[in-house]
Amino acid sequence: MTRRAAHSGGFTRRDALHTHSLHFGPNMTPMVDVVMVILVFFMASAAFIGSDWYLRAALVPDAQKRAATTTTTPAPDPLAQRIEILLDVNEAGDTVVTGMDFQRAPLVDFLERMRNLPKGDATSKLQVVIRPAFAVPYEDAVKAHEACRSGGIWKVGLGTRDEVK
Amino acid sequence: MFRRFRTPAHEFHGINVTPMIDVVMCLIIFFLVVGNLATTERAKIRLPRSAEGEEIKAEDRIVINVFRPTGAPAQSQPSQPWPARVTSDDREFSTAQDLESFVRTRIAANPECAVEIRADRFLPYGWVQPTIIAVARAGATTARLATERAR
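Residue numbers (this note's numbering), protein chains in the order written: chain W, 24 to 188; chain C, 5 to 155.
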């Protein structure tokens, strides 16, 4: 065995052209890189898509009363106390609250009060119906709903005011 | 008898990436289709933020998107009975009666069907109210208000 053959493990050493000829077919590496990046992107997007969060709202009887269809609703709990909360917009364009012992009070006061309600049976039996006026931002209606939930009130309804003719 | 074994001259020594590419391509197509379906069902809406709420698992539901029509002024009052743009299942509703009929049909097919309302947080409530009334008229007693989870 020659010295060169012994050094290459018994095989004949190939020159660059010969080595290049062994790589037949397209080079997959860049495609695999790009495809992996696309895959990670779509997986991350899918994770964001599924992040919705919901507040359950009863559709109040006033709205249902106008319904053409009749629906069966469970008998109301006699111990439950129903509170109507009216949301309006004042001259400055801010949302104000009327209801409970509020009289056109700023929304933040109402939110604060609801969040700090004492937790217990009495609170959980409360039923709150929020009736925003037309001009009230939808977000404020949702904030009022959220505050009721954080105060331990589970039966929160979204009501309507004068219907648009 | 002596038999000689020889390594073929053109042996491929690298990793065979073909199955991996097949699998990855399938995954990409899956995510593309799922993403497209999700986008169709849930229009891009700036949802109100809420720390309270619940994450409800997928079931039969009616997703109703309520958003501002293109070109509508930002602070205008509702001047017509159906001011907002309302879509569901890739279908746009031009009247409250259309939406009511659609929801009623879906509820008749599956009474357990949940109604999900996705409304733009900057809309005046008066623009969302016709949708709420239409859903109530269709026989739904509750609805889910979609929100963006506040962290």
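Quick reminder that beta carbons are idealized off the backbone N, C-alpha and C, glycines included.
message: Alpha carbons only, please: which of C/G143, C/I32 and C/R153 is nearest the one belonging to C/V119?
response: The shortest Cα separation from C/V119 among C/G143, C/I32 and C/R153 belongs to C/G143.
- request: From the DSSP output, read off the bridge partner residues of C/R148.
  value: As computed with DSSP, C/R148 is found in a beta bridge with W/R79 and C/E120.
task: Report yes if the CB atom of W/E107 is closer than 8 Å to the CB atom of W/G122, and no otherwise.
output: The answer is yes: Cβ separation under 8 Å.
message: If I measure Cβ to Cβ from C/V70 and keep anything under 6 Å in the same chain, skipping five residues before and after, which residues do I get?
response: Excluding residues up to 5 positions away in sequence, A88, V90, A123, V132 and T135 lie with their Cβ nearer than 6 Å to the Cβ of C/V70 in the same chain.
- request: Identify the continuous beta strand (DSSP E) that holds W/D19 and give its terminal residues.
  value: With chain W covering 24 to 188 only, the question about residue 19 of chain W has no answer from this structure.
query: Hey, quick one: how far does the beta strand (DSSP E) through W/L181 stretch, first residue to last?
result: Counting along the chain, the beta strand (DSSP E) containing W/L181 begins and ends at K178 to L181.
query: Where W/C171 and W/K148 are concerned, what is the direct C-alpha to C-alpha distance, given to the nearest angstrom?
result: When rounded, the distance between both Cα atoms is 12 Å.
Contacting residues, own chain, Cβ-Cβ under 6 Å from W/P155 (five flanking each side not counted): The answer, listed in chain order, is L110 and A164.
Per-residue DSSP class, three states only, for C/R104: Checking the sequence shown, residue 104 of chain C turns out to be Glu, not Arg. DSSP places C/E104 in helix when its eight states are reduced to three.
- request: Express the C-alpha separation of C/V21 and C/I111 in angstroms, rounding to a whole number.
  value: Going from the Cα of C/I111 to the Cα of C/V21 covers about 49 Å.
task: Label W/W76 either buried or exposed according to how many other C-beta atoms from any shown protein chain fall within 10 Å of its C-beta, with 16 as the threshold for buried.
output: The residue is buried, with at least 16 neighbouring Cβ atoms inside 10 Å.
task: Step through the CB atoms of chain C and report whether any lies within less than 8 Å of the CB of W/L82.
output: Answer yes: the Cβ-Cβ gap between W/L82 and chain C drops below 8 Å somewhere.
query: Going by C-alpha distance, which of W/G174, W/P160 and W/L62 is nearest C/V38?
result: When W/G174, W/P160 and W/L62 are compared, the shortest CA-CA separation from C/V38 is found for W/L62.
query: How about W/F157: is its C-beta nearer than 8 Å to some C-beta of chain C?
result: Yes, W/F157 counts as interfacial toward chain C.
- prompt: DSSP three-state call for W/R184: helix, strand or coil?
  reply: When secondary structure is reduced to three states using DSSP, W/R184 falls in the coil class, being assigned neither helix nor strand.
- prompt: Helix, strand or coil: which one does DSSP assign to W/R172?
  reply: Three-state DSSP puts W/R172 in a helix.
task: Establish whether the CB of W/S147 and some CB of chain C are separated by less than 8 Å.
output: The beta carbon of W/S147 does not come within 8 Å of any beta carbon belonging to chain C, so the residue lies off that interface.
Endpoints, beta strand (DSSP E) assigned at W/V159: Run containing W/V159: none; DSSP gives neither H nor E here.
field: Through-space distance from C/E152 to W/M51, alpha-carbon basis
entry: C-alpha separation (whole angstroms): 41 Å.
- request: Would you please state the rounded distance, in angstroms, between the beta carbons of W/V120 and W/F133? I believe it to be under 8 Å.
  value: Rounded to the nearest angstrom, the Cβ distance from W/V120 to W/F133 is 4 Å, consistent with a contact under 8 Å.
- prompt: For chain W, is any of its Cβ atoms less than 8 Å away from the one on C/F97?
  reply: Not a single CB atom of chain W sits nearer than 8 Å to the CB of C/F97.
- request: Please list the partners that W/D75 has in chain C, where partner means a Cβ-to-Cβ separation under 7 Å.
  value: Residues of chain C passing the Cβ test: A150.
task: Using a Cβ-Cβ cut-off of less than 8 Å, list which residues of the segment 107 to 136 of chain W approach chain C; keep chain order.
output: Of all residues in the segment 107 to 136 of chain W, those with a C-beta nearer than 8 Å to a C-beta of chain C are L110, reading in chain order.
- prompt: Hey, is W/A164's beta-carbon within less than 8 Å of any beta-carbon in chain C?
  reply: At least one chain C Cβ lies under 8 Å of W/A164.
message: Does C/G57 come out as helix, strand or coil in the three-state DSSP assignment?
response: Three-state result, C/G57: coil.
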